[in-house]
Each structure stands twice: as structure tokens, then as C-alpha cells.
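Under my numbering, read the sequence shown as residues 24 to 146, first letter to last.
No residue lacks a Cβ here, since even glycine has one placed at the ideal position from N, Cα and C.
The structure under discussion appears below in the form of C-alpha cells.
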Amino acid sequence: MDALIDFEVVLDPPVPNVTFKATGLSDTALSATLETIVLNSVTLSPVSDGAKLLAVPANLLALAAPKVVKDKLEGKKTVDIPLNNPLGADITISNQTVSVKLTSPELGSHDGMFMVSGTFVVS
Numbered sequence: 024m025d026a027l028i029d030f031e032v033v034l035d036p037p038v039p040n041v042t043f044k045a046t047g048l049s050d051t052a053l054s055a056t057l058e059t060i061v062l063n064s065v066t067l068s069p070v071s072d073g074a075k076l077l078a079v080p081a082n083l084l085a086l087a088a089p090k091v092v093k094d095k096l097e098g099k100k101t102v103d104i105p106l107n108n109p110l111g112a113d114i115t116i117s118n119q120t121v122s123v124k125l126t127s128p129e130l131g132s133h134d135g136m137f138m139v140s141g142t143f144v145v146s
């Protein structure tokens, strides 16, 4: 059964560009905040006859969509990305395993590069 009012949503760009900024790091997760969204426009193309009747007012509302999305999300939404393993590595030298683990990790940058610092424990 077809919908009485059916629109196809067209985005410009077709796949909005989203930039995240790393904002925190722990032994178990990386926190990232949504920094910017590139969404220039939203257009509603009518698919059904009922939608054709509402196309003009619907697209007037759609004009506000990019600004509303940006205002609600940019710099305000933070997600925690779980880390499956603690930061570190095991290195085997002459049948002896040396374990290097990062504790108290901190995020930073150096010359525009992403940097992780903290205290390493070697055992």
C-alpha cells in the first residue's frame, strides 16, 4: 500500500560531511564530539499525489532543516567509542614478553597532529 503523503528526501551533499573532534581518552574509551556538519540543503520531492499538494509548504520548512540540524548537533553531541583492549603492546624478545601499557592517557596535538600522551608501565 502506498502512502497518502510520500516525499523523497534529497540532501546536498548527498552524504553530509561530518567532522568529529577527539575530546577525551581513558583506558576503556575514546570520547569524540561532533564538531561540524556540512549540509547545505534539504529538498522534499513529492512522490505521491498527496505530497504534490503539500510540496511548497513542506519545502519552505525544509529550508530551515540544515540550520536546525547544525544548531542541535554541532559541538553538542559527544559519543564514547569503546576500546576493545587497553592501549599498549606486548613485545617478545628472546622468549621473554615485555608488556607496555599506557595509563592515565591524555589527548593533545603537536604541529597539527593527533597526540596521545600519558604514563607507560613496563613489565
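Residue range of the unbroken alpha helix (DSSP H) whose run includes residue i
i, result
"Ala88", "Ala88 to Leu96"
"Ala6", "Given that the chain is displayed from residue 24 to residue 146, the structure contains no residue 6 and the question cannot be resolved."
Residue span of the beta strand (DSSP E) that contains residue i, given as start and end
i, result
"Pro105", "Thr101 to Pro105"
"Ala55", "Ala52 to Val61"
"Gly47", "Asn40 to Leu48"
Of the listed residues the options, nearest to residue i (C-alpha basis)
i, options, result
"Asn108", "Val32, Ala52 and Asp29", "Ala52"
"Thr142", "Ser132, Thr115, Val38 and Leu110", "Leu110"
"Ser132", "Thr46, Val70, Gln119 and Pro37", "Thr46"
"Asp72", "Ala26, Leu125 and Val139", "Ala26"
"Leu125", "Ser117, Ile116, Asn118 and Leu106", "Leu106"
Where residue i falls, given that 16 or more other Cβ within 10 Å makes a residue buried
i, result
"Val65", "buried"
"Leu76", "exposed"
"Phe137", "exposed"
"Leu62", "buried"
Own chain, CB closer than 6 Å to residue i, minus 5 neighbours either side, in chain order
i, result
"Thr56", "Lys44, Thr46 and Thr101"
"Asp113", "Thr120 and Ser122"
> Is the stretch 77 to 84 in contact with the stretch 97 to 104, if contact means three or more CB pairs nearer than 8 Å?
Replying inline: Judged by Cβ distances under 8 Å, the stretch 77 to 84 makes no contact with the stretch 97 to 104, as fewer than three pairs qualify.
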